[in-house]
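**Q** The opening residue of the sequence shown carries number 38 in the numbering used here; numbering runs sequentially from there.
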Amino acid sequence: MLNTIKLPASPLTEIILDAFPSGSYALAGLLRLMDIVETDRVPTAAVECQVQPRMLINPVFVQEHAQTPEKLMMLVMHELHHVLLGHTTLFPRNTRVQNFVFDAVINGIVCRMFSRAEYTAFFSDYYSAERFPECLLRPPPRWPAASSKDSINYLPALAGMDKAQSSRIIEVHAALYSDCGASYAEVFNLLPKLLLQRGKTGSENHNEAQEIDIAGIPLLGEHSEQTIADGQLEQHSPLLFDIVRELVEQWPQPPDPIKGRSLADILKTTQVKPAKVPSNRGILRALIRQVAGQRGSGHIRQMREVQTPGTSPLPALSRKTAVLQALGVEPLLYPHSVQWRRREPSGEQVHIYLDVSGSMEHIIKALYGAVLDCQAWVYPKVHLFSTKIADISLPELKLGKCISTGGTDIACVAEHMAQHKVSRALLMTDGWVGKPKGQHFETLSQSKLAVAYLGSSVNQTDLQSVANYTETLSKGVQQ
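(1) Using alpha carbons as the reference points, say which of T480, L510, W469, Y506 lies closest to T498.
(2) Does the distance from the CB of E75 to the CB of P96 come in under 8 Å?
(3) R461 lies in the alpha helix (DSSP H); which residues open and close that run?
(4) Keeping to the same chain, check which residues put their C-beta closer than 6 Å to that of P346; ignore five residues upstream and five downstream.
(5) With a threshold of 6 Å on Cβ separation, who are the neighbours of H102 within its own chain once the five nearest residues in sequence on each side are excluded?
(6) From the DSSP secondary-structure annotation, give me the bridge partner or partners of D72.
(7) Are the CB atoms of A194 and C172 nearer to each other than 8 Å?
(8) Note down, one range per segment and in chain order, each alpha helix (DSSP H) of at least 4 residues found wholly within the region 133-193.
(9) Would DSSP call Q410 helix, strand or coil?
(10) Compute the beta-carbon to beta-carbon distance between L510 and L486, rounded to the nearest angstrom, for a pair I have assumed lies under 8 Å.
(11) So, using beta-carbon positions, are S349 and L370 closer together than 8 Å?
(12) Taking T442 as the reference, give the member of Y416, E85, T424 with the closest Cα.
(13) Count the other C-beta atoms from every protein chain shown that fall within 10 angstroms of the C-beta of P432, then say buried if there are 16 or more, exposed otherwise.
(14) If you measure between the beta carbons of V328 and V387, is that distance less than 8 Å?
(15) For I254, I'd like the list of residues in its chain whose CB is within less than 6 Å of its CB, leaving aside the five on either flank, ordered along the chain.
(16) Let's test the definition: count the other Cβ atoms within 10 Å of the Cβ of L257 and tell me whether it reaches 16, buried, or not, exposed.
(17) Identify, in the order they occur along the chain, each residue of the same chain with its Cβ nearer than 7 Å to the Cβ of Q308, setting aside the five sequence neighbours on each side.
(18) Using the C-alpha atoms, what's the distance from A413 back to L491?
(19) Which one or two residues does DSSP pair with I389 in a beta bridge?
(20) Would you check if the distance between the CB atom of Y191 and the CB atom of P177 is smaller than 8 Å?
(21) From A212 to K458, what distance separates their C-alpha atoms?
(22) Is H336 buried or exposed, if buried means 16 or more other CB atoms sit within 10 Å of its CB?
(23) Skipping 5 residues on each side, what residues in its chain have a beta carbon closer than 7 Å to that of D410?
(24) Y214 and R149 - do their beta-carbons sit closer together than 8 Å?
(25) Going by DSSP in three states, L204 sits in which element: helix, strand or coil?
(26) Which stretch, first to last residue, makes up the beta strand (DSSP E) that contains L486?
(27) Looking at the secondary structure, which residues open and close the alpha helix (DSSP H) in which E452 lies?
(28) Is DSSP giving V84 helix, strand or coil here?
(29) Which first and last residues belong to the beta strand (DSSP E) in which E508 is found?
(30) Can you tell me whether DSSP reads S215 as helix, strand or coil?
(31) Does DSSP classify V495 as helix, strand or coil?
(32) The beta strand (DSSP E) spanning A427 covers which residue range?
(33) Reducing DSSP to helix, strand and coil, say where R4 ends up.
(34) Since I believe L109 is in contact with I52 (beta carbons under 8 Å), could you give me their beta-carbon distance rounded to a whole number of angstroms?
(35) What residue from M198, G471, R356 has the CA that sits closest to C449's CA?
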């Protein structure tokens, strides 16, 4: 049974702090965060980003719609995320539709952070699942057990809607509430387009898409410049800016956090980390062998010059030798490598080109494993490409080293292949590299090329005319 809050005449500060589970979420920081003021100036709640920040809360709204500690906490979390995500300027909110989408994103964030029914009831009770597009501001009925495959019961308000549009709406909405999630930038790009309706068949405006009227749908918080200083939080309220950074670091993480979840994710500097994906390793291994031209099971071999590591009494420079000599110890043997001719499996070496403009960290571990499995067929340097090529060694790849200009252009790959006479290559990318043209198209077409696609939004169009083999890799960490 839910506990009901009886509002006293005193301010809401103590009630709000008591609503948060004890010992969590930087309560000491929240005490310093802002003044909490009861007022009827705002319909629900809002945060004023001033030198001394204030949270404004309408006590009547709390009594009617946030009368339990869990519901009140969700209201506060929603407002804090208004500040967090509003600060980033990633999400424009110039129109009513953009504000609607902004609230849909925030509601998905806090529901995934606190998924128990007593918390999500705040949104489920306030918004109806029977009315569209209001239903997009709340989790689906019976969430998180609800399945988006059951379209009728997942979002009942979509009954009778065009099947193609309703399926797309369910897909976007489900992404906000799923464990795997989706990029919030994608949601901000897609959801406004789905809030359109076409004229009735036979009418003059049948082919004209019009925005669905959402003026009557209540949005939480205050969507105005006075309460959320887009992109200028550091200047308007340095205290608030510093404290929210500390707060979000201690908030609970949802399972498999969605990129762009809150300010913590956006401000945090990360390194590329290898991810263990054995299934991807098998896919990449198969692609490498296909491109290498391995015959059968690889029993046919040919003579090759290979570098074999060893030792020799002849002096040679190495880190170990330098350290020993600095300690006064003269080594008896020095590291050397000798070229030997020996039989190796048939097939030419494959050059690996890794797109480092996007989220390629998910397959670095799998790539490293696949290269080790097939190192007889793989060129010993991996080529990282964005708008330029950067070569790294296999040990550097294993450590997650990443060199990128931030952009993506297939031209640098084609030019590198032409310059170094590369005839067999494997590209790993999300596909958004641009279509090869002219001499670049000729270079790629004349080579034996495999493409392994990875990403939440894959484009297989740009390279389809030059790829001999293609596969799609799974995203995320798998055991």
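Backbone N, C-alpha and C fix where the C-beta goes; we use that ideal spot for every residue, glycine too.
**A** Taking the geometry as given:
(1) The residue given as residue 498 occupies position 461 in the sequence shown. T498 has its Cα closest to that of W469, out of T480, L510, W469, Y506.
(2) What you label residue 75 is simply residue 38 of the sequence shown in a count that begins at 1. What you label residue 96 is simply residue 59 of the sequence shown in a count that begins at 1. Yes.
(3) In the sequence shown, the residue the question calls residue 461 occupies position 424. Note, R461: premise wrong, no alpha helix (DSSP H); beta strand (DSSP E) at 461-466.
(4) Translated into the one-based positions of the sequence shown, residue 346 becomes position 309. Result list for P346: S374, in chain order.
(5) Sequence index remark: in the sequence shown, residue 102 carries index 65 (1-based). Cβ within range, chain order: Y163.
(6) What you label residue 72 is simply residue 35 of the sequence shown in a count that begins at 1. R91, per the DSSP bridge assignment.
(7) For this step, residue 194 is matched to residue 157 along the sequence shown. For this step, residue 172 is matched to residue 135 along the sequence shown. Yes, Cβ-Cβ distance for A194 and C172 is below 8 Å.
(8) 133-150, 154-163, 188-191
(9) Counting from one through the sequence shown, the residue named residue 410 turns up at place 373. With the sequence shown as reference, residue 410 is identified as Asp, and Gln is not the correct amino acid for it. Helix, per DSSP.
(10) As a position in the sequence shown, residue 510 is number 473, starting the count at 1. As a position in the sequence shown, residue 486 is number 449, starting the count at 1. Actually they are not in contact, since the Cβ atoms of L510 and L486 sit about 16 Å apart, beyond 8 Å.
(11) Within the sequence shown, numbered from 1, the residue matching residue 349 stands at position 312. Within the sequence shown, numbered from 1, the residue matching residue 370 stands at position 333. It is a contact, given that the beta carbons lie within the stated cut-off.
(12) Along the sequence shown, one-based indexing puts residue 442 at 405. The shortest Cα separation from T442 among Y416, E85, T424 belongs to T424.
(13) What you label residue 432 is simply residue 395 of the sequence shown in a count that begins at 1. Exposed.
(14) For this step, residue 328 is matched to residue 291 along the sequence shown. For this step, residue 387 is matched to residue 350 along the sequence shown. Their beta carbons are under 8 Å apart, which means V328 touches V387 by this criterion.
(15) What you label residue 254 is simply residue 217 of the sequence shown in a count that begins at 1. E171.
(16) For the purposes of this step, residue 257 is identified with residue 220 of the sequence shown, where counting begins at 1. Buried: at least 16 other Cβ atoms inside 10 Å.
(17) As a first step, residue 308 must be located in the sequence shown, where it is residue number 271. Note that Q308 scores a pLDDT of 45, beneath 50, so its modelled location is shaky; the value from the coordinates is reported in the next line. Hits under 7 Å: G437.
(18) The sequence position of residue 491 within the sequence shown is 454, counting from 1. The sequence position of residue 413 within the sequence shown is 376, counting from 1. Whole-angstrom Cα-Cα distance: 25 Å.
(19) Stepping through the sequence shown from its first residue, residue 389 is reached at position 352. I389 pairs with V419, L463.
(20) Numbered from its first residue, the sequence shown carries residue 191 at position 154. Numbered from its first residue, the sequence shown carries residue 177 at position 140. Going by C-beta atoms, Y191 is nearer than 8 Å to P177.
(21) Along the sequence shown, one-based indexing puts residue 212 at 175. Along the sequence shown, one-based indexing puts residue 458 at 421. For A212 and K458, the distance between alpha carbons rounds to 44 Å.
(22) Mapped onto the sequence shown, residue 336 falls at position 299. With a pLDDT of 43 at H336, under the threshold of 50, the predicted position of this residue should be treated as unreliable, though the coordinate-derived value follows. Its Cβ having fewer than 16 others within 10 Å, H336 is exposed.
(23) Working through the sequence shown from its first residue, we reach residue 410 at position 373. R322.
(24) To locate residue 149, count along the sequence shown from 1; it is residue 112. To locate residue 214, count along the sequence shown from 1; it is residue 177. Yes; because the gap between Cβ atoms is below 8 Å, this pair is in contact.
(25) In the sequence shown, the residue the question calls residue 204 occupies position 167. As written in the sequence, residue 204 is Ser, which differs from the Leu given in the question. Three-state DSSP puts S204 in a helix.
(26) Counted from its first residue, the sequence shown places residue 486 at position 449. Here the beta strand (DSSP E) through L486 covers 485-490.
(27) The count along the sequence shown starts at 1 and reaches residue 452 at position 415. Here the alpha helix (DSSP H) through E452 covers 447-456.
(28) Position 47 of the sequence shown, counted from the start, is the residue given in the question as residue 84. Strand at V84.
(29) For the purposes of this step, residue 508 is taken as residue 471 along the sequence shown, with counting starting at 1. From DSSP, the beta strand (DSSP E) with E508 extends over 506-509.
(30) Mapped onto the sequence shown, residue 215 falls at position 178. Looking at S215 - three-state DSSP - the assignment turns out to be coil, as it is neither helix nor strand.
(31) Locating residue 495 in the sequence shown gives position 458, where the first residue counts as 1. Looking at V495 - three-state DSSP - the assignment turns out to be coil, as it is neither helix nor strand.
(32) The residue you call residue 427 lines up with position 390 of the sequence shown. It spans 426-430 - the beta strand (DSSP E) in which A427 sits, taken as one unbroken run.
(33) The chain is shown only over 38 to 516; residue 4 falls outside these bounds and no answer can be derived.
(34) Indexing the sequence shown from 1 puts residue 52 at position 15. Indexing the sequence shown from 1 puts residue 109 at position 72. Sure, about 7 Å apart at Cβ, within 8 Å.
(35) As a first step, residue 449 is located in the sequence shown; it is residue number 412 there, counting from the start. Of the candidates M198, G471, R356, the one whose C-alpha sits nearest the C-alpha of C449 is G471.
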